[in-house]
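2 protein chains.
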Amino acid sequence: MSQLLATFCALPDDVLTELKNNDTNVVAFNDLTPEDYANVTIMLGWDAKIGNAILNAPSSKLQWIQTHSAGVDYLPYDKILAKNITVTNASGVHAEQISQSVIGDILYFSRGLNVHTTNTANKVWDDQTGNTYVLSDFKVLILGTGSIGVELAKNLHALHVTVSGINHSGRAIDGFDKTYAIADYANAVKEADIIVNILPGTEETRNFFNSEFFKHIDNLFMFINVGRGFSVENTALVQAVNDKKIRYVALDVTNPEPLPKDNILWSIPEVLITSHTTGQSYDYNLRLVRIFQQNLPSYFKDGSFIRNVVNLNKGY
Amino acid sequence: MSQLLATFCALPDDVLTELKNNDTNVVAFNDLTPEDYANVTIMLGWDAKIGNAILNAPSSKLQWIQTHSAGVDYLPYDKILAKNITVTNASGVHAEQISQSVIGDILYFSRGLNVHTTNTANKVWDDQTGNTYVLSDFKVLILGTGSIGVELAKNLHALHVTVSGINHSGRAIDGFDKTYAIADYANAVKEADIIVNILPGTEETRNFFNSEFFKHIDNLFMFINVGRGFSVENTALVQAVNDKKIRYVALDVTNPEPLPKDNILWSIPEVLITSHTTGQSYDYNLRLVRIFQQNLPSYFKDGSFIRNVVNLNKGY
């Protein structure tokens with residue numbers, strides 16, 4: 007019995023039993039010794055130091071990396087592709103959390119909570135703050151129509167919002183009133199009051215939100231980024247806010263992360279920064295393990311996977 | 007042409023035309039003279055000083071008061087009943103606003119925005135704040151199953167929440183998974199993680215949330231009051247928070263209003279106060295006028311009303 011699963015989190019008993027029944031021992035990342043590296047067949051979670059040590063171990067048996075995130079752009083693609091290792095991601099585990107964080111961001115500004123949290127701290131009763139909005143006042147454009155985008159679109163729909171989406175080809179997606187191809191983004195953003203980015207981090211999306219993009223924006227209520235920080239050119243975004251083209255901004259991801267204390271984004275009152283936490287929940291790890299677990303039977307049977315396999319050539 | 011409509015807000019042209027075609031002139035509250043009082047047949051909005059002057063005018067012709075609020079407990083019931091004046095309220099105009107403010111309150115605390123707004127102000131990047139929740143982690147109990155309660159129940163349902171309701175008789179209401187009679191509240195609150203009060207202000211609901219009520223509470227994530235402030239006994243609520251029976255509180259209404267600066271509720275970090283604004287929206291008055299307008303044809307035809315008539319003996 008020489009197979010090892012190296013994990014970043016504790017596993018529930020039923021998963022431990024299933025692994026044991028398939029001759030796989032479980033070792034926490036922190037308990038791994040250099041002698042273990044070559045015998046790790048599965049990594050649950052990623053740690054750059056440990057991961058590279060395992061990948062570089064002579065006669066490494068690594069077959070499968072289950073990441074704890076949906077985006078996998080931090081992985082060493084070349085090595086993983088060269089060794090024909092399967093990567094599965096956490097796609098689906100974040101949908102509820104991120105969708106609800108985005109709705110929370112929108113309601114925070116549209117229902118005036120930004121004013122009332124300050125008023126509460128200052129013990130100020132001000133009931134003349136009525137310039138607030140309901141969600142049906144807005145048209146929302148979501149860039150990215152994967153599991154998070156679909157969940158968000160359906161949630162917003164139930165709250166009477168018209169929702170458009172952008173994906174690579176512009177193909178129609180259940181839950182969206184309308185979809186555009188990314189090449190046609192200029193037409194899509196024209197109609198939007200709120201733009202939400204959930205696109206994965208790829209070369210195509212790097213600096214996508216640059217000064218050219220913001221040329222097409224006018225009178226946007228909100229810009230929200232829950233995709234990847236490097237999709238946004240900070241100076242172009244700040245300029246758009248200064249030019250009053252965008253009223254409020256919520257950034258879960260920034261460029262770089264952590265965002266340095268002297269970055270101007272911290273100092274703009276209309277910018278809310280949530281420090282890459284919108285995907286979290288108190289039971290996140292268990293949710294992730296339940297997705298991971300769905301691939302175990304086929305993996306142990308014939309090395310195949312039924313969900314969440316990443317195409318590293320595309321990056322998602 | 008001696009009929010007058012006294013109004014607190016501007017009216018759109020089509021409503022002005024409809025009134026004029028029925029021999030009714032429009033006067034703003036601020037422009038009313040004492041000579042006008044007896045000729046006012048309709049009050050759109052309520053102002054205690056002007057309203058009482060109109061009611062007390064010798065041979066007052068007042069027939070109809072359209073309030074700008076859903077709750078009407080501030081009106082002088084006795085005088086209005088004695089003169090057989092019809093009161094219509096703003097029920098329905100607030101449903102989207104209040105429902106979305108309540109969801110915003112819940113997401114503010116459950117998605118950790120309370121932490122991240124402070125962190126943003128302090129330029130702190132902290133991504134280890136993961137003890138957050140999604141809405142499906144909660145069972146929500148709504149006291150009050152009128153138009154606001156139904157909208158909120160349906161919205162929460164779409165966000166994967168199990169929703170119970172309380173009304174007078176316990177009758178089933180579309181949109182609620184379960185309903186309880188108010189007399190049976192002790193059983194209802196046992197199963198709830200979040201309690202939302204939307205009950206109208208009546209003698210039955212005065213001090214309803216008192217120490218006896220909070221005896222039945224344990225480990226509540228949130229208590230939200232968007233009904234009436236005098237339904238809550240402040241000391242009992244504060245005690246429940248101090249006893250860790252309630253984690254977070256959002257109060258749109260307080261007892262009294264405005265809440266005095268020295269009231270302890272301002273000083274509890276887990277309490278958010280929104281100063282009676284959750285029903286507001288930038289186009290509130292227009293929404294109200296559109297409800298008012300629906301009664302104009304029948305009123306001018308035969309003095310009858312098709313919606314929003316208040317039973318002053320019940321208070322709603």
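So the protein lines, in turn, are chains C and F. Residue 272 in our numbering sits at position 266 of the first sequence; the count goes up by one each step and never skips. Residue 190 in our numbering sits at position 184 of the second sequence; the count goes up by one each step and never skips. Where a beta carbon is used, it is the ideal one built from N, C-alpha and C, also for glycine.
In the structure shown, the three-state DSSP call for residue 67 of chain C is coil.
For a cut-off of 8 Å, the C-beta gap from residue 276 of chain F to residue 253 of chain F is around 6 Å, short enough to register as a contact. Rounded to whole angstroms, the separation of the alpha carbons of residue 299 of chain C and residue 21 of chain C is 7 Å. Just measuring C-alpha positions, the residue of C:187, C:288 and C:96 sitting nearest residue 75 of chain C is C:96. In the structure shown, residue 33 of chain F adopts extended strand secondary structure according to DSSP, grouped into three states. Sequence-ordered contacts of the stretch 102 to 116 of chain F with chain C read 102, 103, 105, 106, 107, 109, 110, 111, 112, 113, 114 and 116 [C-beta pairs closer than 9 Å].
Excluding its 5 nearest sequence neighbours in each direction, residue 79 of chain F has C-beta neighbours in its own chain below 8 Å: 206, 207, 208, 234 and 321, listed in chain order.
Rounded to whole angstroms, residue 282 of chain C and residue 259 of chain C show a C-alpha spacing of 5 Å.
According to DSSP, residue pairing for residue 72 of chain F in a beta bridge involves F:50 and F:94. Nearest CB-CB separation between residue 153 of chain C and chain F: not below the 8 Å threshold.
A direct Cα-Cα distance of roughly 48 Å separates residue 58 of chain C from residue 224 of chain F. Within the DSSP bridge table, the entry for residue 43 of chain C names no partner. The residue among F:273, F:118 and F:30 with its C-alpha nearest the C-alpha of residue 247 of chain F is F:273. Listed along chain F are 283, each with a C-beta nearer than 7 Å to that of residue 118 of chain C. Within 8 Å of the CB of residue 125 of chain F, the CB atoms of chain C belong to 279 and 281, in sequence order along the chain. A straight line joining the alpha-carbon of residue 302 of chain C with that of residue 311 of chain C spans about 8 Å. In chain order, 181 place their CB closer than 6 Å to the CB of residue 156 of chain F, counting only its own chain and leaving out the 5 sequence neighbours on each side.
The contact set of residue 122 of chain C on chain F, defined by CB atoms closer than 8 Å, consists of 278, 279, 280, 281 and 283 in chain order.
With contacts defined by Cβ atoms closer than 8 Å, residue 50 of chain F and residue 13 of chain F form a contacting pair. Look at the stretch 154 to 171 of chain F: the residues with a C-beta under 9 Å from a C-beta of chain C are 160, 161, 163, 164, 165 and 166. Judged by their CB atoms, residue 237 of chain C and residue 220 of chain C are not nearer to each other than the 8 Å cut-off.
In the DSSP annotation of this structure, the continuous segment of the beta strand (DSSP E) that includes residue 227 of chain F starts and ends at 226 to 231. For residue 237 of chain C, not one C-beta of chain F is nearer than 8 Å to its own C-beta. The C-alpha of residue 249 of chain F lies about 28 Å from the C-alpha of residue 173 of chain F. Between the alpha carbons of residue 101 of chain F and residue 149 of chain F lies a gap of roughly 14 Å. Looking at the DSSP output, residue 214 of chain C sits in no beta bridge, so it has no partner there. Under the Cβ distance rule, residue 142 of chain F counts among the residues neighbouring chain C, one pair being separated by less than 8 Å. A direct Cα-Cα distance of roughly 7 Å separates residue 261 of chain F from residue 240 of chain F.
Closest in alpha carbon position to residue 167 of chain C, among C:142, C:189, C:175 and C:188, is C:142. Here residue 185 of chain C has 151, 170, 171, 172, 173, 176, 177, 178 and 179 as same chain residues with Cβ atoms under 8 Å from its own Cβ, once five neighbours each way along the sequence are excluded.
Here residue 228 of chain F is near residue 255 of chain F, since their CB atoms are less than 8 Å apart. For residue 85 of chain F, same chain residues with a beta-carbon under 7 Å away, outside a window of 5 residues either side, are 61 in chain order.
For the C-beta of residue 254 of chain C, not a single chain F residue is nearer than 8 Å; the gap to the nearest is close to 12 Å. Residue range 240 to 248 is occupied by the alpha helix (DSSP H) that includes residue 241 of chain C. Against chain C, a Cβ distance below 7 Å from residue 131 of chain F picks out 264, 265 and 281.
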